[in-house]
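Numbering (my numbering), first residue to last: 245 to 347. Remarks on the structure that follows.
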């Protein structure tokens with residue numbers, strides 16, 4: 245470090261000390277500012293992306309595409325069939341067919 249840099253550091257440290265700002269105060273200030281900026285960036289990202297669609301819409305599209313994919317169907321086909329079969333047990337339908345000749 246050059247002599248000029250050391251002198252500048254001393255001057256800055258003196259100025260900060262005069263107004264009551266020490267190393268810990270600076271750390272906390274930087275931490276607060278970063279937290280605020282990160283929260284704002286997250287909020288902005290959740291509401292809109294570059295494509296104009298929200299993150300929620302993109303997640304919904306991804307889920308819809310995955311559910312319609314062959315991979316999902318092959319893995320969950322048997323489970324879905326069993327659920328439907330179990331639900332259909334409780335469904336009773338009575339059908340009366342009258343033919344034209346029996347009128």
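A virtual CB, placed ideally from N, CA and C, is assigned to each residue, including glycine.
- Rounded to the nearest whole angstrom, the C-alpha separation of residue 311 and residue 260 is 59 Å.
- Contact between residue 299 and residue 289 holds: CB atoms are separated by about 6 Å, below the 8 Å threshold.
- DSSP, reduced to helix, strand and coil, places residue 313 outside both helices and strands of the structure shown, so it counts as coil.
- Under the DSSP assignment, residue 247 falls in the alpha helix (DSSP H) whose first and last residues are 247-262.
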